[in-house]
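Below is one structure, written out as structure tokens, with a few remarks after it.
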Amino acid sequence: MTTETLFTEDAYRREVTARVLAADERGVVLDRTVFYARSGGQPGDAGTLRWDGGEAAVLEATKGEAGAILHTLAPGAALPPPGAEVEATLDWARRHRHMRMHTTLHLLCSVLPGIYATGNQIGAEKSRLDFDLPDPPAKEWFTERLAELVAADHPVGMSWITEAELDANPQMVRTLSVQPPRGAGRIRLVRIGPETAPVDLQPCGGTHVCSTGEIGRVEVVKLENKGRQNRRIHIVLGD
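Next comes the structure, spelled out in structure tokens:
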């Protein structure tokens, strides 16, 4: 069972009518969904499933087997019957914060060219990115650079390349902890800035805002030493 991932092409779609392929204590599998499944440091989406005669809250979407996405419900929640038509609706406020945070982490990569990220975690309230960076600038420097990139309102877009093209350009991969998913024959790239001179360009399967101005005010609140060269940068959104 494979779930069509509508968020891959349109991160702003908030709901969809879908068909139940399977439902058990592990979760509900739909033929298509707007729910991002947890991966790459980004949490899975939460929201609601509604069907004729029932409704259930989705706690988090996760990856299942063979391309399926599991919509995990609370223990004991009612399950929609297989074949039923359901309305799948995102917790949009939470998802949009994840989008703003994820794009901000890409901007952090852009201000440290040639430096590899060693770990990351995206959250609605705070996020972090780790770098192989022995002597990082002050947190105020990062905040100022991010503010400049947000104010420039750079467009954010995507494109696709083959796995062979990525192998020929390994510098595109900026994270040592998360590698692009392979096996489908193509890799999704997220680009910040114009195609001719991108601010940042790297493989990514996550959801993003359509321009950096949408991020709003962002602040680096803490730098942590997590090892000999591993520095952890914590960010929060201004609102």
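At position 146 of the sequence shown the residue is numbered 145 (numbering that gives the first Met the number 0), and the sequence of numbers has no breaks.
Glycine included, each C-beta is placed from N, C-alpha and C at the ideal position.
Every value quoted in this text rests on a predicted model; they were computed, and no experiment measured them.
Of all the options the options, which has the alpha carbon lying nearest to the alpha carbon of residue i?
{"i": "GLU218", "options": "LYS138, LYS62, GLN120", "result": "LYS138"}
{"i": "ILE186", "options": "GLN201, THR161, ASP166", "result": "THR161"}
{"i": "LEU48", "options": "GLU64, ALA76, PRO42", "result": "ALA76"}
{"i": "GLN228", "options": "ASN168, ALA123, ASP129, VAL110", "result": "ASP129"}
{"i": "LYS225", "options": "ALA17, LEU165, ALA116", "result": "ALA116"}
{"i": "VAL85", "options": "GLY43, ASP51, PRO169, ARG231", "result": "ASP51"}
{"i": "ASP106", "options": "SER126, PRO135, LEU148, THR71", "result": "Note that residue 106 corresponds to Leu in the displayed sequence, not to Asp. Ranking the options by Cα distance to LEU106, first place goes to LEU148."}
{"i": "ILE68", "options": "THR174, GLY53, PHE6", "result": "PHE6"}
{"i": "VAL220", "options": "ALA22, ALA163, SER126", "result": "SER126"}
{"i": "ASP238", "options": "THR195, ALA92, GLY204", "result": "ALA92"}
{"i": "ASP74", "options": "LEU145, GLY63, ARG25", "result": "According to the sequence provided, residue 74 is Pro. The question's Asp does not apply to it. Out of LEU145, GLY63, ARG25, ARG25 has the C-alpha closest to the C-alpha of PRO74."}
{"i": "LEU222", "options": "PRO136, THR211, GLY184, LEU104", "result": "PRO136"}
{"i": "HIS233", "options": "VAL189, LEU104, THR195, THR211", "result": "LEU104"}
{"i": "PHE34", "options": "PRO169, SER210, ALA150, GLY204", "result": "GLY204"}
{"i": "GLN170", "options": "LEU188, THR61, VAL27, VAL15", "result": "LEU188"}
{"i": "ARG94", "options": "ALA150, ALA65, GLU124", "result": "GLU124"}
{"i": "PRO133", "options": "THR4, ALA65, ARG231, TRP159", "result": "ARG231"}
{"i": "ASP44", "options": "GLU3, THR71, LEU165", "result": "THR71"}
{"i": "ASP30", "options": "TYR11, GLY63, ALA10, GLU59", "result": "GLY63"}
Kindly indicate which three-state DSSP category residue i falls into: helix, strand or coil?
{"i": "PHE263", "result": "This structure does not reach residue 263, given that the chain is present from 0 up to 238, and the question cannot be answered."}
{"i": "HIS153", "result": "coil"}
{"i": "GLN228", "result": "coil"}
{"i": "PRO133", "result": "coil"}
{"i": "GLU143", "result": "helix"}
{"i": "GLY26", "result": "strand"}
{"i": "LYS138", "result": "helix"}
{"i": "HIS101", "result": "helix"}
{"i": "LEU107", "result": "helix"}
{"i": "GLU124", "result": "coil"}
{"i": "ALA21", "result": "strand"}
{"i": "GLU218", "result": "strand"}
{"i": "THR1", "result": "coil"}
{"i": "GLU223", "result": "strand"}
Taking DSSP's pairing of strands, which residues face residue i in a bridge?
{"i": "LYS62", "result": "ILE68"}
{"i": "TRP91", "result": "DSSP, once it has assigned bridges, lists no residue as partnering TRP91."}
{"i": "GLU54", "result": "ARG49"}
{"i": "GLU86", "result": "THR16, ARG49"}
{"i": "ILE186", "result": "ILE160"}
{"i": "LEU174", "result": "The amino acid at residue 174 is misidentified as Leu; the sequence shows Thr. In DSSP, THR174 forms a bridge with ALA116."}
{"i": "HIS233", "result": "ARG127, LYS221"}
Can you give me the start and stop residues for the beta strand (DSSP E) that residue i sits inside?
{"i": "ASP44", "result": "Where ASP44 is concerned, there is no enclosing beta strand (DSSP E), given that its DSSP letter is neither H nor E."}
{"i": "ASP199", "result": "199-202"}
{"i": "ASP238", "result": "Per DSSP, ASP238 belongs to no beta strand (DSSP E) and is neither H nor E."}
Leaving out the 5 sequence neighbours to the left and right, which residues in its chain are closer than 7 angstroms to residue i when beta-carbon positions are compared?
{"i": "VAL208", "result": "MET98, ARG99, THR102, VAL155, ILE214"}
{"i": "GLY40", "result": "ASN119, GLN120, ILE121, VAL177"}
{"i": "ASP131", "result": "ILE114, TYR115, THR117, GLN228, ASN229"}
The alpha helix (DSSP H) spanning residue i covers which residue range?
{"i": "THR117", "result": "From DSSP, THR117 is part of no alpha helix (DSSP H) but of the beta strand (DSSP E) over 116-120."}
Within a Cβ cutoff of 6 angstroms, which residues of the same chain sit near residue i, ignoring the five residues on either side of it in sequence?
{"i": "GLY46", "result": "VAL57, THR88, LEU89, ASP90"}
{"i": "VAL198", "result": "SER109, HIS153, ILE191, GLY192"}
{"i": "PHE141", "result": "VAL219"}
{"i": "ARG144", "result": "VAL110"}
For residue i, which residues in the same chain have their Cβ closer than 8 angstroms to its Cβ, ignoring the five residues on either side in sequence?
{"i": "PRO81", "result": "VAL19, LEU20, ALA21, ALA22"}
Return yes when the C-beta of residue i is under 7 angstroms from any heavy atom of the ligand ZN, and no when it is not.
{"i": "SER158", "result": "Within the structure as shown, the ligand ZN is missing, as the structure has no ligands at all."}
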